[in-house]
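Data block below; observations after.
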């Protein structure tokens, strides 16, 4: 096979030079009429009207009013010269001579074609000839029709996945369990609902769920023995929460919802997440529809406790609302479900006080003594950066200068770090009025019903520079801070280092006690 090929090649005769094509010859090939027609004419050869239209089209392209595709199509149509029937096309080949079969002679007047059958009008502009609307007329986008269930979702203002048809569920209703009471008691005719809004498709969330489910078994038994019907729903949706607070919870429609435990992720605005990725905010509730028998609403969710007054108002102003003021670790959340002797504010304490007994629910009220502004809000930078240079080296800390304070990141035991603000503030206390004080302040979190006084006041060792204080915050509840002050003129570097470290240390210990750590 190879020999035949080589032989055939050797036997080929070379073409004469006149027949061989060179690249130069190919380049000089004359244009056909079609090619000439496709070549745009020079701008000077264009009629004034066409040139202006092209300039306007270029301007619209620069302003982003037409897409590249639309620009190319309209420019092509203009250069073809078809803005009206019967006009010569720019760049077209010269008219051919008269055809021998009696066709139209060159230069003869061309009559416009007859109207299309059915009274259809012929196009009169380049855009219409291309199947587009003329310039100056905005093209309306096609109307998109949404599924009925999507529209219902928008009307209800609920988050979460969209469903194609109304009535489609995003949870598994078979996961919901209704435990009947095992005895008569104070809970007869009432229900307690454990609702979990952890995301179904998040493995980490499902781990949290399993840990909490194990810890509520004893609470379920206690409530059932007191006459309560207990619901456990590991896949709770927005509808489940709204139905629960109005006494329409699935499986307990005819019972009074005395207590609800909702466990899920929370946000700084007070919203709580649902199992399908949706969310519920206080505004979703109708206070007039909330069952008046609801006594206890527990949100095992980050941040929601700082909006407890907003939630209480949304729930009709009657139930006690409990939640975490800041992000909380899963270990601390699990501790809240355990029976502990060192606190009076965990789940078993709340159930015992408000559901197993008829103790009155604390009123809305306010703090007996209004919290003051935090010291940092009226502080100034002063010469703090200069005074702290040696101090941060002693502590091995990191620091950053802000407009009104220096933020110091202090290393503590077990490889933990705590932030503190250092600034200058003038004293207003007796015998040191007006004296500049070096102030250190560290933020702990909002005070909520899960924080009892002994958490704040006990177990911090001997005398020192740090103190705990409540200050105003941007949420419903006051904020817990740790502070310390020293006269800046008489303080040594060692004194300043001790002040910064002790404030950071006490703040860190409080965060460990209340929230399980600093998750901000």
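Residue numbers (this note's numbering): 31 to 550.
The beta carbon of each residue, even a glycine, is placed where N, CA and C say it ideally should be.
Since the structure is predicted, the reported quantities are computational estimates derived from the model, not experimental observations.
Requested in this report: Pull up the distance between the alpha-carbon of residue 338 and that of residue 420, whole angstroms please.
Outcome: Translated into positions along the chain shown, residue 338 becomes position 308. Translated into positions along the chain shown, residue 420 becomes position 390. Answer to the nearest angstrom: the Cα atoms are 44 Å apart.
Requested in this report: From the DSSP output, in three-state form, read off residue 14 for me.
Outcome: Since the first residue shown for the chain is 31 and the last is 550, residue 14 is missing from the structure and cannot be characterised.
**Report entry** Buried or exposed by the 16-neighbour rule on C-beta atoms within 10 Å, applied to residue 127
**Finding:** Stepping through the chain shown from its first residue, residue 127 is reached at position 97. Reliability fails at residue 127, whose pLDDT of 46 lies under 50, so the model's placement of it is uncertain and the value that follows must be treated cautiously. Burial call: exposed.
Query raised in the report: Where does residue 79 fall in DSSP's three states?
Result: Mapped onto the chain shown, residue 79 falls at position 49. Helix at residue 79.
Query raised in the report: What residue ranges within the segment 305-348 form continuous alpha helix (DSSP H) runs of no fewer than 4 residues, ordered along the chain?
Result: 338-344
Requested in this report: Starting from residue 228, follow its DSSP beta bridges and name the residues at the other end.
Outcome: Working through the chain shown from its first residue, we reach residue 228 at position 198. Per DSSP, none; premise fails for residue 228.
Report task. Could you check which residue in 303, 278, 276 and 258 has the C-alpha nearest to that of residue 219? Result -> Reading the chain shown from its first residue, position 189 is the one you call residue 219. Out of 303, 278, 276 and 258, 258 has the C-alpha closest to the C-alpha of residue 219.
Query raised in the report: What's the call for residue 290, buried or exposed, on a 16-neighbour Cβ count within 10 Å?
Result: Along the chain shown, one-based indexing puts residue 290 at 260. Residue 290 should be labelled buried.
Query raised in the report: Which residues bound the alpha helix (DSSP H) around residue 248?
Result: For the purposes of this step, residue 248 is taken as the residue at position 218 of the chain shown. Residues 247-255.
Query raised in the report: Nearest-angstrom Cα distance between residue 333 and residue 105?
Result: Mapped onto the chain shown, residue 333 falls at position 303. Mapped onto the chain shown, residue 105 falls at position 75. If you take the alpha carbons of residue 333 and residue 105, they lie about 59 Å apart.
Query raised in the report: Among residues of its own chain, excluding the 5 on either side of residue 406, which ones have a beta-carbon nearer than 8 Å to its beta-carbon?
Result: Position 376 of the chain shown, counted from the first residue, corresponds to residue 406. So the list reads 434, 435, 451, 453, 469 and 471, once near-sequence residues are dropped.
Report task. Let me know the beta strand (DSSP E) ranges lying completely inside the segment 455-506, each 3 residues or longer, listed in chain order. Result -> 466-476 and 497-501
Query - Same chain, Cβ closer than 7 Å to residue 370, neighbours up to 5 away in sequence not counted - result: One-based indexing of the chain shown puts residue 370 at position 340. The residues are 376.
Report task. Pick helix, strand or coil for residue 291, following the three-state DSSP scheme. Result -> What you label residue 291 is simply residue 261 of the chain shown in a count that begins at 1. Looking at residue 291 - three-state DSSP - the assignment turns out to be strand.
Query - Residues that DSSP places opposite residue 303 in a beta bridge - result: Looking up residue 303 in the chain shown gives position 273. BP columns for residue 303 point to 309.
Query raised in the report: So, is residue 79 buried or exposed, given that buried needs 16 or more other C-beta atoms within 10 angstroms?
Result: Here residue 79 corresponds to residue number 49 of the chain shown, with the count starting at 1. Label assigned to residue 79: exposed.
Requested in this report: Decide yes or no for the touch test of the segment 274-281 against the segment 241-258: beta carbon pairs closer than 8 Å, at least 3 of them.
Outcome: no
Report task. Tell me, please, whether the segment 205-215 touches the segment 306-314 by the rule of three or more beta-carbon pairs shorter than 8 Å. Result -> no
Query raised in the report: Over what stretch of residues does the beta strand (DSSP E) that includes residue 440 continue unbroken?
Result: Here residue 440 refers to the residue found at position 410 when the chain shown is read from its first residue. Residue 440 -> beta strand (DSSP E) spans 436-441.
Query raised in the report: Which stretch, first to last residue, makes up the beta strand (DSSP E) that contains residue 261?
Result: In the chain shown, the residue the question calls residue 261 occupies position 231. Here the beta strand (DSSP E) through residue 261 covers 259-263.
**Report entry** residue 349 classed as buried or exposed, judged by whether at least 16 other C-beta atoms fall within 10 angstroms
**Finding:** The residue given as residue 349 occupies position 319 in the chain shown. So residue 349 ends up on the buried side.
Query - Three-way DSSP call (helix, strand, coil) for residue 558 in this model - result: The displayed coordinates of the chain run from 31 to 550. Any statement about residue 558 would go beyond what the structure contains.
Report task. Determine the contact status of residue 474 and residue 541, defining contact as a CB-CB distance below 7 Å. Result -> Taking the first residue of the chain shown as 1, we reach residue 474 at position 444. Taking the first residue of the chain shown as 1, we reach residue 541 at position 511. Their beta carbons are under 7 Å apart, which means residue 474 touches residue 541 by this criterion.
Query raised in the report: What's the gap between the Cα of residue 343 and the Cα of residue 506?
Result: Looking up residue 343 in the chain shown gives position 313. Looking up residue 506 in the chain shown gives position 476. So the two alpha carbons sit approximately 11 Å from each other.
Query - Residues that residue 410 bridges to, as DSSP identifies them - result: Stepping through the chain shown from its first residue, residue 410 is reached at position 380. Paired residues: 454.
Query raised in the report: CB-CB under 6 Å to residue 148, same chain, minus the five flanking residues each way: which ones, in chain order?
Result: Residue numbering aside, residue 148 sits at position 118 when the chain shown is read from its first letter. Reliability of the predicted coordinates at residue 148 is poor, the pLDDT of 43 falling under 50, and the value obtained from them is presented with this limitation in mind. Answer for residue 148: no residue qualifies.
Requested in this report: Pick helix, strand or coil for residue 428, following the three-state DSSP scheme.
Outcome: Here residue 428 is taken as the residue at index 398 of the chain shown, counted from 1. It is a strand residue.
**Report entry** For residue 392, the three-state DSSP class (helix, strand or coil)
**Finding:** If you number the chain shown from 1, residue 392 lands on position 362. In this structure, residue 392 counts as coil in the three-state DSSP scheme.
**Report entry** residue 97 classed as buried or exposed, judged by whether at least 16 other C-beta atoms fall within 10 angstroms
**Finding:** On the chain shown, residue 97 is found 67 positions in, with the first residue counted as 1. Its Cβ having fewer than 16 others within 10 Å, residue 97 is exposed.
**Report entry** Inter-residue CB distance, residue 538 and residue 442 (contact presumed, cutoff 8 Å)
**Finding:** For this step, residue 538 is matched to residue 508 along the chain shown. For this step, residue 442 is matched to residue 412 along the chain shown. Confirmed, Cβ separation roughly 6 Å.
Requested in this report: Rounded to whole angstroms, what's the CA-CA distance from residue 91 to residue 307? Just pull it up for me.
Outcome: As a working note, residue 91 is residue 61 in the chain shown. As a working note, residue 307 is residue 277 in the chain shown. Each residue's Cα considered, the two are about 42 Å apart.
**Report entry** Local conformation of residue 517 per DSSP, three classes
**Finding:** If you number the chain shown from 1, residue 517 lands on position 487. In the structure shown, residue 517 sits in a strand (DSSP, three-state: E or B).
Query raised in the report: According to DSSP, is residue 95 helix, strand or coil?
Result: In the chain shown, counting from the first residue as 1, residue 95 sits at position 65. Three-state DSSP puts residue 95 in coil, outside helix and strand.
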